[in-house]
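Report on the following structure.
Spelled out as structure tokens, the structure:
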């Protein structure tokens, strides 16, 4: 029997977030385990709504606010994170879907989604999350990971790193990702479409780059300005000079002449000989800036896998 949850539930914002039409019948909810977070005064209300009046397979409601300061009395505690992990780990991955929801902003539910996917190591674990206008809560993320046995450093526990893990860590996109740093000029050339092949020394780290992977380029002086591209092809040679004899590589490298390219690479790597790698980039998959990073899953998945896959993870994309 179909039921319109948007009409039957109260009209607080988190109720509307829950009523996205993804579970249109009672049968849909029988295989769903719900993890809901609520500020203390809304706990009983969200408990009723998160369970869709008893239809869901099981519901865990945890009471903590959307704060990232662990010293605040209403922040998520280690005990609460451990309880959430025990609840999630008690279900069979093959037969259970997981819905993460919270009242007010969605930063807690998105953070739990990221942590759970990372702990599971599953590319296609069926998960749902309300993740609109998301700034994930790093404290929730870190404490849930710690409850699952994975401790992150302070450097890793930042919103920027969390977003990269969520969006670029390939738990969602099913793609390997590689972080690379660029100076201002080549970063701008990639952004503007003037450079379609990135030149690198072929060391052990870069040998892992393969067609279909994502490359995340950060920018000198502005580390939060990210460009994300898809690798379409890799070409190698015994030296940078030999690699640049390939007209396709040279014309896409952003350098005007072979001499300019050799000189430019020499400023970075010196004069000692080295094997060279040319990474060809797909312009249609470029995503620009940190604001775009929040929208990345839908943009990347629409182009790579089709939007149907995207909506199994984030109903409205990362706006």
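In this note's numbering, the protein residues as written are 13 to 331. For glycine and all other residues, C-beta sits at the position ideal for the given N, C-alpha and C.
- Taking the CA atoms as reference points, residue 226 sits about 19 Å from residue 288.
- Judged by beta-carbon spacing, residue 275 lies beyond the 7 Å limit of residue 256, meaning their Cβ atoms are not closer than that value.
- Straight across, the Cα-Cα distance linking residue 126 with residue 285 is about 42 Å.
- By the criterion of at least three beta-carbon pairs nearer than 8 Å, the segment 96-115 is in contact with the segment 68-77.
- By the neighbour-count definition (other C-beta atoms within 10 Å, threshold 16), residue 262 is a buried residue.
- If you draw a straight line from the Cα of residue 214 to the Cα of residue 205, it comes to about 24 Å.
- With a contact defined as Cβ atoms closer than 8 Å, residue 241 and residue 124 miss out at about 29 Å.
- In this structure residue 81 is exposed. Its beta-carbon is surrounded by fewer than 16 other beta-carbon atoms within 10 angstroms.
- The beta-carbon distance between residue 231 and residue 196, rounded to whole angstroms, is 7 Å. This is short enough to meet the 8 Å contact definition.
- Judged by DSSP in its simplified three-state form, residue 276 adopts helix.
- In the structure shown, residue 287 falls within a coil segment according to DSSP collapsed to helix, strand and coil.
- For residue 152, the enclosing alpha helix (DSSP H) begins and ends at 150-159.
- Proximity to residue 246 across 267, 234, 222 and 228 peaks at 222, based on C-alpha coordinates.
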